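Chemist:
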Amino acid sequence: MSAALLETYYSAFNAGDKAAMLATLAPDVLHEPSQGQARVGIAAFGDFWDHMARCYREAVVDPVFMVSADGAHGSAEFKLTGTYLETDGDLPAARGQDYALRVGAFFDFADGKIARVSNHYNLNDWLGQVE
Numbered sequence: 564m565s566a567a568l569l570e571t572y573y574s575a576f577n578a579g580d581k582a583a584m585l586a587t588l589a590p591d592v593l594h595e596p597s598q599g600q601a602r603v604g605i606a607a608f609g610d611f612w613d614h615m616a617r618c619y620r621e622a623v624v625d626p627v628f629m630v631s632a633d634g635a636h637g638s639a640e641f642k643l644t645g646t647y648l649e650t651d652g653d654l655p656a657a658r659g660q661d662y663a664l665r666v667g668a669f670f671d672f673a674d675g676k677i678a679r680v681s682n683h684y685n686l687n688d689w690l691g692q693v694e
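Note that our numbering has the sequence shown beginning at 564, numbered continuously upward.
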């Protein structure tokens, strides 16, 4: 079940389908980004989605999913391709730069939903690609 849930999560991400992606999440989902503060809840995750969609157009390529034997935890490794659309805070100026990153993501599952999303990537690599 959990690997299928991750497939649904990333398929919704690639389709730009916010509602479908949010539907995979537990109401009190914990989102831990690679940089910045953690956020709790679907509303906070939805706000993050809106911000990211405004600043970046991204796609997950060739994801590999792993799930613990007890089904409580999972992970994904994938290539993230993207275009930097709008300057994000104090990051370098956006000029439509393309980038590609290797990303690792870790998950907890509860009651058939994603209860934690923790994403990790190399920010210095991204900065080098967009500067």
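Backbone N, C-alpha and C fix where the C-beta goes; we use that ideal spot for every residue, glycine too.
Model, not experiment: these values are computed from the prediction.
#1: Please identify the residue among G634, T650, V680 whose C-alpha is closest to the C-alpha of M584.
#2: For the stretch 630-638 against the stretch 657-676, do three or more pairs of beta-carbon atoms, one drawn from each stretch, fall closer than 8 Å, so that the two count as touching?
#3: Determine the extent of the alpha helix (DSSP H) in which A656 is found, giving its start and end residues.
#4: Assuming G599 is part of the beta strand (DSSP E), what are its boundary residues?
#5: Look at the alpha carbon of E649 and the alpha carbon of Y572, and state the distance between them as a whole number of angstroms.
#6: Can you check the stretch 573-634 for any beta strand (DSSP E) of at least 3 residues that lies completely inside it and give the ranges in chain order?
#7: From the DSSP secondary-structure annotation, give me the bridge partner or partners of L664.
#8: Buried or exposed for H594, please, with buried defined as at least 16 other CB atoms from any protein chain shown within 10 angstroms of its CB.
Modeler: According to the data block:
#1: V680
#2: yes
#3: A656 -> no alpha helix (DSSP H), and no H or E assigned at all.
#4: Taken as a continuous stretch (DSSP letters only), G599 belongs to no beta strand (DSSP E), as it is neither H nor E.
#5: 24 Å
#6: 588-595, 619-630
#7: L643
#8: buried
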